[in-house]
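Residues in the sequence shown are numbered consecutively from 48, following our numbering. Ideal placement from N, C-alpha and C gives every residue a C-beta, glycine not left out.
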Amino acid sequence: MAEFNRYQYNKSVYVAAIGKCGACYICVDECPEGAIERSEPVKVDYNKCTRCMKCVEVCPGGIMQIID
Numbered sequence: 048m049a050e051f052n053r054y055q056y057n058k059s060v061y062v063a064a065i066g067k068c069g070a071c072y073i074c075v076d077e078c079p080e081g082a083i084e085r086s087e088p089v090k091v092d093y094n095k096c097t098r099c100m101k102c103v104e105v106c107p108g109g110i111m112q113i114i115d
């Protein structure tokens, strides 16, 4: 959890689906900004994304990752 907090709201980092997305769409449902598109793999709209890291926290497969 501390790792996510270190990056929260930092616009110099990005999040992305890295690897084989299982298309569970938990990240899509949890995103408060509606910044993640329900596709396979999911796509992040960085104009909407606030880097809250909710998607990274809830991804059961660890596919949503922080890119810095």
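- Looking at the DSSP output, M111 sits in a beta bridge with A64.
- By the neighbour-count definition (other C-beta atoms within 10 Å, threshold 16), R98 is a buried residue.
- For E80, there is no enclosing alpha helix (DSSP H), as DSSP marks it with neither H nor E.
- Across the set V91, I110, E87, I113, the C-alpha of V91 shows the shortest separation from the C-alpha of P79.
- Taking each of V103, C96, I73 in turn and checking the Cα distance to K58, the smallest one comes out for C96.
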